[in-house]
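**Student:**
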Amino acid sequence: MDNKKATLELGTKPVGKLLMQYALPAIIAMSASSLYNMVDSIFIGQGVGALAISGLAITFPFMNLSGAFGAAIGVGSSTLISVRLGQKDYDTALRIFGTCICLNVILGVVFAFLSLVFLDPILLFFGASEHTLPYAREYMEIILLGNVVTHLYLGLNAVLRSASKPRQAMFATIFTVVLNTLLDPLFIFVFHWGIKGAAIATVLSQLIALAWQFRLFSNKSFIVHFERGIYSLKRSIVGNILGIGMSPFLMHVASCLIVIIFNKSLYHYGGDLAVGAYGIVNRISFLFFMVIFGLNQGMSPIAGYNYGAMHFDRLLLVVRYAMTGATIITCIGWVVSVFFPYYCARLFTTDTTLISLAEHGLRMANFAIPVVGSQMVITIFFQSIGKAKISIFLSLSRQLLFLLPVLLFLPPIIGLDGVWLSFPISDFIAFLVSVFIMTRYVRRLKLQQNTSLT
Numbered sequence: 086m087d088n089k090k091a092t093l094e095l096g097t098k099p100v101g102k103l104l105m106q107y108a109l110p111a112i113i114a115m116s117a118s119s120l121y122n123m124v125d126s127i128f129i130g131q132g133v134g135a136l137a138i139s140g141l142a143i144t145f146p147f148m149n150l151s152g153a154f155g156a157a158i159g160v161g162s163s164t165l166i167s168v169r170l171g172q173k174d175y176d177t178a179l180r181i182f183g184t185c186i187c188l189n190v191i192l193g194v195v196f197a198f199l200s201l202v203f204l205d206p207i208l209l210f211f212g213a214s215e216h217t218l219p220y221a222r223e224y225m226e227i228i229l230l231g232n233v234v235t236h237l238y239l240g241l242n243a244v245l246r247s248a249s250k251p252r253q254a255m256f257a258t259i260f261t262v263v264l265n266t267l268l269d270p271l272f273i274f275v276f277h278w279g280i281k282g283a284a285i286a287t288v289l290s291q292l293i294a295l296a297w298q299f300r301l302f303s304n305k306s307f308i309v310h311f312e313r314g315i316y317s318l319k320r321s322i323v324g325n326i327l328g329i330g331m332s333p334f335l336m337h338v339a340s341c342l343i344v345i346i347f348n349k350s351l352y353h354y355g356g357d358l359a360v361g362a363y364g365i366v367n368r369i370s371f372l373f374f375m376v377i378f379g380l381n382q383g384m385s386p387i388a389g390y391n392y393g394a395m396h397f398d399r400l401l402l403v404v405r406y407a408m409t410g411a412t413i414i415t416c417i418g419w420v421v422s423v424f425f426p427y428y429c430a431r432l433f434t435t436d437t438t439l440i441s442l443a444e445h446g447l448r449m450a451n452f453a454i455p456v457v458g459s460q461m462v463i464t465i466f467f468q469s470i471g472k473a474k475i476s477i478f479l480s481l482s483r484q485l486l487f488l489l490p491v492l493l494f495l496p497p498i499i500g501l502d503g504v505w506l507s508f509p510i511s512d513f514i515a516f517l518v519s520v521f522i523m524t525r526y527v528r529r530l531k532l533q534q535n536t537s538l539t
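Our numbering applies: residue 86 is where the sequence shown begins, and numbers increase by one.
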């Protein structure tokens, strides 16, 4: 009963307080998750070497591709659960939960098996050289063996947030970060396991967190819990999950494609260390983006519930608050990237060439980062209310319609700087497009609301 009351608060509690209640745990969790990735990179760079950072950067497309399947299931399931809870359809919410678990296990196993069979050719295609391939292979072998654990861990965390348990989701993430931070130096410096030790620390941390999540969902008083008879692949539920999850799926796949082209361009115009510089730029930028992801995760169940309950004023208010918060976050990211790039790069390596490349890359790539926050919020807003087509378009437009052409056009003309400049150019265009679409939708929503009142 307490869980149902907590869920009902999504439609009654003041929106500002509600967003803080849901977003702060998610922001802390996602910030911790970003630090989790940074810790790996820092220990690998300081304990294994500059080329190991480049090898790690080669795995980013792989991680994005794996994350695409996990995001499709996790986001699709959690969004549907939020809407069903808003409609007080608790039985369907349970069945969606069971389907989420089945899909995560099946896709996690299939993806890991196929990737391990063709691991070297895939990494070479992603931009690995003879110098960076051994590092990338060592890391991904362990990560892929734990792929099902990662999918379940991330999927169950998404369900926790959608079912009014944001603090538990935060605790699970923070636990993995703390444990990973403790295990990384032990495995790399004490046991001398190198980059493989960082991967083992990652998977082991997630496995222990997953065991705790299983304990939470075993509680029958929890509004969404393990129950006999819910673990099946009903076509309608699977279709709805994948339909909503298609937006983040395609966004991750597009990101994978972009990073492949990005790595190849960097290697062509700057060599292995330029790829390593992107690895550093990516980790620093990701820290701020993950804060926005956390803000969006806090907004998503509130938006989904109030859309399902037809509380449109509350729906638009939570989006307005989220856009304001996201803009503040990205402005801080701009200040850090433009004025303190040396100190950011120095965290990861002592190699002066790599530091210089990363400094330059941070300033150029994040020049237009202040406008990225609003674009991200708008994309997740449409995803949260089940407007899959709009969300998919906004997800893909930044990377495929804007970033990819610039990335293919500029570098042949101005070299390495063209690779870095492709980010701010595409970011600004994507921002203008998303604001235009959001403005039109808000007008239509207000017209719908006024019509229903008359």
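C-beta: ideal position from N, C-alpha, C; glycine also.
#1: Contact check, Arg483 vs Ala515 under 8 Å by CB: the rounded distance?
#2: According to DSSP, is Ala248 helix, strand or coil?
#3: Is the Cβ-Cβ distance between Ser476 and Ala411 less than 7 Å?
#4: Which term fits Arg246, buried or exposed, when burial requires 16 or more other beta carbons within 10 angstroms of its beta carbon?
#5: At what residue ranges does the region 175-252 contain a whole run of the alpha helix (DSSP H), taking only runs of 4 or more?
#6: Is it true that the region 510-530 meets the region 376-396, where meeting means three or more beta-carbon pairs spaced less than 8 Å apart?
#7: Under 8 Å by Cβ, that's how I've got Ser126 and Gly364 pegged, so tell me the actual separation to the nearest angstrom.
#8: I need the straight-line Cα distance from Gln136 to Glu215, nearest angstrom please.
#9: Below 8 Å on the Cβ atoms is my contact criterion, and I expect Ile360 with Tyr354 to pass it. Report the Cβ-Cβ distance as a whole number of Å.
#10: Quick one, which of Leu532, Leu327, Phe433, Met336 has its alpha-carbon nearest Gly471's?
#11: Would you call Phe373 buried or exposed, if buried means 16 or more other Cβ atoms sit within 10 Å of its Cβ?
#12: Select from Gly240, Val366, Thr164 the residue whose C-alpha is nearest the C-alpha of Arg431.
#13: Is it the case that the CB of Ile191 approaches a heavy atom of the ligand GDP more closely than 6 Å?
#14: Just the Cα atoms here: how many angstroms apart are Ile269 and Lys173?
#15: Is Leu271 closer than 7 Å to Ser290 when the C-beta atoms are compared?
#16: Pull up the CB-CB distance for Leu170 and Tyr390, whole angstroms please, since I reckon it's below 8 Å.
#17: Suppose you measure from the CA of Leu481 to the CA of Leu150; what does that come to, to the nearest Å?
#18: Evaluate Pro99 with the Cβ neighbour count: other Cβ atoms within 10 Å of its Cβ, from every protein chain shown; 16 or more gives buried, anything less gives exposed.
#19: Where does Asp502 sit, in a helix, a strand or coil, going by DSSP?
#20: Decide if the region 216-233 is in contact with the region 245-262; the criterion is three or more beta carbon pairs, one per stretch, under 8 Å apart.
#21: Buried or exposed: which applies to Asn549, given that a residue is buried once 16 or more other Cβ atoms fall within 10 Å of its Cβ?
**Tutor:** Answer, in terms of the structure:
#1: 4 Å
#2: coil
#3: Cβ distance not < 7 Å, so Ser476 and Ala411 don't count as in contact.
#4: Around the beta carbon of Arg246, 16 or more other beta carbons lie within 10 angstroms, which makes this residue buried.
#5: 175-202, 204-210, 218-230, 232-247
#6: no
#7: 7 Å
#8: In the sequence under discussion, the amino acid at residue 136 is Leu, which differs from the Gln named in the question. Taking the straight line from one Cα to the other gives about 11 Å.
#9: Contrary to the premise, residue 360 reads as Val rather than Ile in this sequence. Taking C-beta atoms under 8 Å as the contact rule, Val360 and Tyr354 fail to qualify, at a distance of about 11 Å.
#10: Leu327
#11: buried
#12: Val366
#13: Because no ligand of any kind appears in the structure shown, any question about the ligand GDP cannot be addressed here.
#14: Here the sequence assigns Asp to residue 269, which means Ile is not the residue at that position. Distance between the alpha carbons of Asp269 and Lys173 is about 44 Å.
#15: At least 7 Å separates the beta-carbon of Ser290 from that of Leu271.
#16: 6 Å
#17: In a straight line, the C-alpha of Leu481 is about 15 Å away from that of Leu150.
#18: exposed
#19: helix
#20: no
#21: With the chain represented from 86 up to 539, any question about residue 549 goes unanswered, as that position is not in the structure.
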